[in-house]
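Peer 1: Could you have a look at this structure, given as structure tokens, before my questions?
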Amino acid sequence: MIRKTIACILLGLPLLASAAGGGGHIQHVNADISNEAAVQRGAKYYVNYCLGCHSAQYVRYNRLALDLELTEDQLVENLMFTGERPHDTMENAIPSTDSANWFGRTPPDLSLTARARGDDWVYSFLKSFYVDPTKPTGVNNLVLEGASMPHVLWELQGIQKAVYRTDLDAEGHPHEVFDHFELVQPGAMTPEQFDVMVQDLTTFLTYISEPVQLKRQSLGIKVILFLVVLFLFAFLYKKELWKDVH
Numbered sequence: 264m265i266r267k268t269i270a271c272i273l274l275g276l277p278l279l280a281s282a283a284g285g286g287g288h289i290q291h292v293n294a295d296i297s298n299e300a301a302v303q304r305g306a307k308y309y310v311n312y313c314l315g316c317h318s319a320q321y322v323r324y325n326r327l328a329l330d331l332e333l334t335e336d337q338l339v340e341n342l343m344f345t346g347e348r349p350h351d352t353m354e355n356a357i358p359s360t361d362s363a364n365w366f367g368r369t370p371p372d373l374s375l376t377a378r379a380r381g382d383d384w385v386y387s388f389l390k391s392f393y394v395d396p397t398k399p400t401g402v403n404n405l406v407l408e409g410a411s412m413p414h415v416l417w418e419l420q421g422i423q424k425a426v427y428r429t430d431l432d433a434e435g436h437p438h439e440v441f442d443h444f445e446l447v448q449p450g451a452m453t454p455e456q457f458d459v460m461v462q463d464l465t466t467f468l469t470y471i472s473e474p475v476q477l478k479r480q481s482l483g484i485k486v487i488l489f490l491v492v493l494f495l496f497a498f499l500y501k502k503e504l505w506k507d508v509h
């Protein structure tokens, strides 16, 4: 975590990238892509729950295997449900025309979602589905109101409803404000287990949005340290050259 923070400061990366996604009720997640086990678990959840509709067309299976230290047999057996060859990209299983008819629009590719929206936004979105009988899918999302995506993780999380409270604005007018979620039907996971699962899935999406992120940050730190050392030597050399000049 310290390494990630230093890299963000030195390289000017936005620590608050989640704000780019907009929406309310944003929760913080520590998506540590250096945690290989978490990325592996996230990859498993992605191919089981997301890849049916959402492609990751900028990610190749063999690159995924290389980064996650998986053998080709492990890759084919556990992750390659839509590709035929290891160098294929992660395409979804449903034709775009069918998915557009079912959901009203073609599900977006998720290769760069975490980079564009921020990992906090992705994490919050996946946890913020709630019952809404007025919607065709029967659910809505607090982070992205009117989302056409169904709650594909409902069997794991369960079904929750949004609970609102009434507040007064500056002019004294009452309005409803979101207060908390209330679980009305438990899922296969406890809330704590579901939080970990969503964090792993978010970590995987953060990884595929920029697979070379760790190498880039590591190289950036080395370059900055080199420049600092070079500056010190240059400063001392300058003092030596000008020490007799008054």
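In our numbering, the protein residues as written are 264 to 509. Backbone N, C-alpha and C fix where the C-beta goes; we use that ideal spot for every residue, glycine too.
Give me the residue from D382, K424, T397 with the minimum Cα distance to S411.
Peer 2: Of the listed residues, the one whose Cα sits closest to S411 is T397.
Peer 1: So which of V310, S297, I296 has the shortest CA-CA distance to L416?
Peer 2: It is V310 whose Cα lies nearest to the Cα of L416.
Peer 1: Tell me the DSSP bridge mates of G421?
Peer 2: Answer is P449, bridged to G421.
Peer 1: DSSP has H439 in a bridge; who is on the other side?
Peer 2: The displayed chain sequence assigns Glu, not His, to residue 439. According to DSSP, which records beta bridges pairwise, E439 is partnered with T429.
Peer 1: From Q423 to S387, what distance separates their C-alpha atoms?
Peer 2: Distance between the alpha carbons of Q423 and S387 is about 14 angstroms.
Peer 1: Hey, how far is the Cα of S391 from the Cα of Y500?
Peer 2: Looking at the two C-alpha atoms, the distance is approximately 59 angstroms.
Peer 1: Quick one: grab the DSSP three-state call for N311.
Peer 2: The answer is helix: DSSP assigns N311 an H, G or I state.
Peer 1: Give me whichever residues DSSP pairs with M353 in a beta bridge.
Peer 2: Looking at the DSSP assignment, M353 forms a beta bridge with A319.
Peer 1: Can you say whether R348 is buried or exposed, counting buried as having 16 or more other CB atoms within 10 angstroms of its CB?
Peer 2: Exposed: under 16 other Cβ atoms inside 10 Å.
Peer 1: Check V459 in the structure and name its three-state DSSP category.
Peer 2: Residue state, collapsed to three classes: helix.
Peer 1: Over what stretch of residues does the alpha helix (DSSP H) that includes N404 continue unbroken?
Peer 2: No alpha helix (DSSP H) holds N404; the beta strand (DSSP E) holding it covers 402–404.
Peer 1: How is V415 classed by DSSP in three states: helix, strand or coil?
Peer 2: If DSSP states are grouped into helix, strand and coil, V415 belongs with coil.
Peer 1: Report the partner residues of V394 according to the DSSP bridge assignment.
Peer 2: Note: V394 sits in a beta bridge opposite V402.
Peer 1: If we ignore side chains and look at the alpha-carbon of each, how far apart do P413 and D372 end up?
Peer 2: Going by the C-alpha atoms only, they are around 16 angstroms apart.
Peer 1: Does T334 pass the burial test, meaning 16 or more other C-beta atoms within 10 Å, or should it be called exposed?
Peer 2: Counting Cβ neighbours within 10 Å, T334 comes out exposed, since fewer than 16 surround it.
Peer 1: Per DSSP, F444 is paired with what?
Peer 2: Bridge partners of F444: A425.
Peer 1: Using the beta-carbon count (16 or more within 10 Å), is Y427 buried or exposed?
Peer 2: It counts as exposed.
Peer 1: Would you tell me roughly how many angstroms separate the C-alpha atoms of V491 and K502, rounded to the nearest one?
Peer 2: V491 and K502: Cα-Cα distance of roughly 17 angstroms.
Peer 1: Output the boundary residues of the alpha helix (DSSP H) element that contains S297.
Peer 2: No alpha helix (DSSP H) contains S297, which DSSP labels as neither H nor E.
Peer 1: Assign W505 to one of three DSSP states: helix, strand, or coil.
Peer 2: In this structure, W505 counts as coil in the three-state DSSP scheme.
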